[in-house]
Amino acid sequence: MPPYFGGIPPKTPASRDEIAAFQRHLPPKRWHGLDPPLVRCGVIGQGAGLVVAAWTAASLTEEKNAGVQMFRSFGVAATMRVVQTLPGALTTPGSLLVGDVLEELGALDAPFGPVRNEKDLQGFWDAVASLGAEVFVTDENSGRRLLTAATPAGATGNLKKWIWVSGSPRFRPPPLPRWASMVECHVWFTAPEAESFFAFLCPQGRVHLRLPERVRLAQEGRAQATCSGLIVNCKETAGFDVLVQWPVRGITACACGKKGALELTQPQENVWTYD
């Protein structure tokens, strides 16, 4: 469920940058005295494009339930030990939201934080070995560092699943090296201005919207020949529709049998090599 942004931008559907521009002129009182009250605040993006997001108890529960549904579809279950590298504090979606999801699932949440340097790498592998981690949840940057670093012997013996988080529908998980050859990879795509758990990658390698019935193409021009992204119906919660500027040309059927498969413009695959 989309969060509260402090009001309705003058131009809708609004992109993340347009929401950020609108928020720069909001008075602080916009965040007080609401009914129902806001119970959590977060930030999306950074710099001039930073957006403040806030949730009521009900909307936060919906976000958590969406994550539970997605993680269950990936095979994450109660008692599993999960090490995650998502940022903490106010970052949305980050380790706080994933922690809510894992708590609901009954899994053990080990929020390590981003892996940025050699010291982080050593600490990460020490934690993985000590916990006997069965699941990784990583952003692209931390995951890349883990795959290109030397892996301590025995540290990943219990690893079963690797969940990648990306804001780009063009991202594809890399082929894993020999030490992780038996690990299942899954991808969770986020568009947090519309929904934190927005889409996922199916076994056919197609990006699927989690709730395709809420989404339509953002057509440009009279001929409607080009598309500037996806319009997500968020009027019941955010108060307006949100524009997610993903490179798409259509929403199609998929051989996996699930609805809401995106037809991307110029699909991109990551190229990875290992020594």
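According to my numbering, the sequence shown is numbered sequentially starting from 2. Virtual Cβ for every residue (Gly too), placed ideally from N, Cα, C.
By alpha-carbon positions, which one of the options ends up nearest to residue i?
{"i": "residue 192", "options": "182, 41, 124, 212", "result": "212"}
{"i": "residue 151", "options": "26, 127, 173, 206", "result": "127"}
{"i": "residue 14", "options": "206, 102, 217", "result": "217"}
{"i": "residue 172", "options": "78, 203, 121", "result": "203"}
{"i": "residue 187", "options": "174, 199, 264", "result": "174"}
{"i": "residue 50", "options": "24, 41, 153, 32", "result": "24"}
{"i": "residue 141", "options": "27, 167, 120, 153", "result": "167"}
{"i": "residue 256", "options": "205, 78, 37", "result": "205"}
{"i": "residue 250", "options": "182, 201, 232, 45", "result": "232"}
{"i": "residue 170", "options": "124, 200, 178", "result": "200"}
{"i": "residue 146", "options": "18, 16, 135, 177", "result": "177"}
Report the three-state DSSP secondary structure of residue i (helix, strand or coil).
{"i": "residue 274", "result": "Residue confidence for residue 274 is low, a pLDDT of 49 falling below 50, so the modelled location carries little weight; the figure read from the coordinates is stated next. The answer is coil: DSSP assigns residue 274 none of H, G, I, E or B."}
{"i": "residue 56", "result": "strand"}
{"i": "residue 22", "result": "helix"}
{"i": "residue 247", "result": "coil"}
{"i": "residue 106", "result": "helix"}
{"i": "residue 112", "result": "strand"}
{"i": "residue 1", "result": "Examination of residue 1 is not possible in this model, given that the chain is present from 2 through 276 alone."}
{"i": "residue 196", "result": "strand"}
{"i": "residue 101", "result": "helix"}
{"i": "residue 172", "result": "coil"}
{"i": "residue 30", "result": "helix"}
{"i": "residue 49", "result": "helix"}
{"i": "residue 160", "result": "coil"}
{"i": "residue 238", "result": "coil"}
{"i": "residue 87", "result": "coil"}
{"i": "residue 184", "result": "coil"}
{"i": "residue 264", "result": "strand"}
Leaving aside the five residues before and after residue i along the sequence, list all residues of the same chain whose C-beta is less than 7 angstroms from its C-beta, in chain order.
{"i": "residue 234", "result": "215, 242"}
{"i": "residue 223", "result": "Low per-residue confidence applies at residue 223: pLDDT is 47, beneath 50, and the placement is therefore not dependable enough to give any value."}
{"i": "residue 144", "result": "165"}
{"i": "residue 75", "result": "162, 164, 187"}
If contacts are defined as beta-carbon pairs under 8 angstroms, then residue i and residue j qualify, I think. What distance do you get, rounded to the angstrom?
{"i": "residue 180", "j": "residue 157", "result": "6 angstroms"}
{"i": "residue 230", "j": "residue 210", "result": "About 13 angstroms separates the two Cβ atoms, so there is no contact after all."}
{"i": "residue 54", "j": "residue 43", "result": "5 angstroms"}
{"i": "residue 64", "j": "residue 98", "result": "7 angstroms"}
{"i": "residue 9", "j": "residue 194", "result": "Not a contact, Cβ separation roughly 14 angstroms."}
{"i": "residue 238", "j": "residue 29", "result": "Not a contact, Cβ separation roughly 22 angstroms."}
Considering only the beta carbon of each residue, do residue i and residue j sit closer than 8 angstroms?
{"i": "residue 138", "j": "residue 161", "result": "no"}
{"i": "residue 80", "j": "residue 100", "result": "no"}
{"i": "residue 61", "j": "residue 5", "result": "no"}
{"i": "residue 132", "j": "residue 73", "result": "no"}
{"i": "residue 189", "j": "residue 71", "result": "yes"}
{"i": "residue 262", "j": "residue 207", "result": "yes"}
{"i": "residue 57", "j": "residue 197", "result": "no"}
{"i": "residue 1", "j": "residue 87", "result": "Because the chain is modelled from 2 through 276, residue 1 falls outside the range shown and cannot be assessed."}
{"i": "residue 111", "j": "residue 85", "result": "yes"}
{"i": "residue 89", "j": "residue 114", "result": "yes"}
{"i": "residue 136", "j": "residue 125", "result": "no"}
How about residue i: is its Cβ closer than 7 angstroms to a heavy atom in the ligand NAP?
{"i": "residue 11", "result": "As far as ligands go, the structure on display features none, and thus does not contain the ligand NAP."}
Please go through the same chain and pick out, in chain order, the residues whose beta-carbon is closer than 6 angstroms to the beta-carbon of residue i, but skip the five residues on each side of it.
{"i": "residue 130", "result": "156"}
{"i": "residue 266", "result": "248, 250"}
Could you name the residues of the same chain whose beta carbon sits closer than 8 angstroms to that of residue i, not counting the 5 residues immediately before and after it, in chain order?
{"i": "residue 31", "result": "7, 8"}
{"i": "residue 11", "result": "23"}
{"i": "residue 264", "result": "249, 250, 251, 252, 253"}
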